[in-house]
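A short write-up of the structure that comes next.
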Amino acid sequence: MKQTTNIVKLSTDNCEGYLSSIAQLEQLCFGRRAWTQSQLRQEIANTFAIVFAYNLGTELAGYISARSVADELQISNIAVFPQYRKHGIAWALLDMMKESARTLGNTVIELEVAVDNVAAINLYTKYGFVAAGTRRNFYPDDGRGGNRDAITMLYKLV
Ligand SMILES: CC(C)(COP(=O)(O)OP(=O)(O)OC[C@H]1O[C@@H](n2cnc3c(N)ncnc32)[C@H](O)[C@@H]1OP(=O)(O)O)[C@@H](O)C(=O)NCCC(=O)NCCS
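Going left to right, the sequence shown walks through residues 373 to 530 as my numbering numbers them.
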């Protein structure tokens, strides 16, 4: 990838130009449970939310969102457009979240991942997350047939 890359922290002041691309990425990755533009706008306005966009040139390649709650940083979503996958973008976005978590004094990063999401489970495991339990029917049916179980994974910062 030879285009200029940059990662932007989104806020209510700078997010409008990103919402349509992020909503498109959400739809592509998460189907019926995708966040809409208005949900994304609301999330970014939440005091506890942290959202980063990864740009390649003028295009959005991926994004990540999380909430900092007490000592935990809870990652809600991470997604990369298919044409930009396997180039380390998700890894770079996780690095940004880890830095934010450290700055905020979080001691652990927590996330849920669908039991059949091999790419994401591999990503998190390689990054250093450890499985901590299973949540039955955590993901409602996204149109691909039935609810799905999730694995909770943790990354300890201290
Ligand atoms: C999961 C996802 C975010 C990974 O993004 P990415 O930018 O391609 O990931 P990276 O390039 O940073 O990959 C880092 C590591 O993750 C693992 N990984 C990533 N994609 C993988 C795949 N398709 N199969 C197996 N392992 C994979 C690999 O270990 C990889 O390291 P390597 O390239 O040295 O082998 C992306 O596939 C995606 O957007 N999926 C749809 C949305 C989604 O499922 N999000 C997670 C919700 S919990």
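From the three backbone atoms N, C-alpha and C, an ideal C-beta is built for every residue, glycine too.
(request) Write down the C-beta distance between Tyr496 and Met525 rounded to the nearest angstrom, noting that I regard them as a contact closer than 8 Å. (result) For the purposes of this step, residue 496 is identified with residue 124 of the sequence shown, where counting begins at 1. For the purposes of this step, residue 525 is identified with residue 153 of the sequence shown, where counting begins at 1. Under the criterion of beta carbons closer than 8 Å, Tyr496 and Met525 qualify as touching, at roughly 5 Å.
(request) Label Glu471 either buried or exposed according to how many other C-beta atoms from any shown protein chain fall within 10 Å of its C-beta, with 16 as the threshold for buried. (result) Working through the sequence shown from its first residue, we reach residue 471 at position 99. Exposed is the call here.
(request) Report yes if the CB atom of Leu357 is closer than 7 Å to the CB atom of Phe424, and no otherwise. (result) Residue coverage of the chain in this structure runs from 373 to 530, which leaves residue 357 outside it and unanswerable.
(message) Determine whether the beta carbon atoms of Ala503 and Ile461 lie at a separation below 7 Å.
(response) One-based indexing of the sequence shown puts residue 503 at position 131. One-based indexing of the sequence shown puts residue 461 at position 89. Taking a C-beta distance under 7 Å as the contact criterion, Ala503 and Ile461 do not qualify as a contact pair.
(request) Assign Glu431 to one of two classes, buried (16 or more other C-beta atoms within 10 Å of its C-beta) or exposed (fewer than that). (result) Here residue 431 refers to the residue found at position 59 of the sequence shown. Burial check for Glu431: the Cβ neighbour count within 10 Å stays below 16, so the residue is exposed.
(request) Look at the alpha carbon of Tyr511 and the alpha carbon of Ala406, and state the distance between them as a whole number of angstroms. (result) The residue given as residue 511 occupies position 139 in the sequence shown. The residue given as residue 406 occupies position 34 in the sequence shown. Using only the alpha carbons, I get a separation of about 11 Å.
(message) Let me confirm a value: Leu400 is counted as buried when at least 16 other C-beta atoms fall within 10 Å, else exposed. Which label applies?
(response) Your numbering for residue 400 matches position 28 in the sequence shown. Counting Cβ neighbours within 10 Å, Leu400 comes out exposed, since fewer than 16 surround it.
(message) I'd like to know whether the C-beta atoms of Leu529 and Ala438 end up nearer to each other than 7 Å.
(response) The residue you call residue 529 lines up with position 157 of the sequence shown. The residue you call residue 438 lines up with position 66 of the sequence shown. Judged by beta-carbon spacing, Ala438 lies beyond the 7 Å limit of Leu529, meaning their Cβ atoms are not closer than that value.
(message) Need the endpoints of the alpha helix (DSSP H) that Gly403 sits in, please.
(response) In the sequence shown, counting from the first residue as 1, residue 403 sits at position 31. Per DSSP, Gly403 belongs to no alpha helix (DSSP H) and is neither H nor E.
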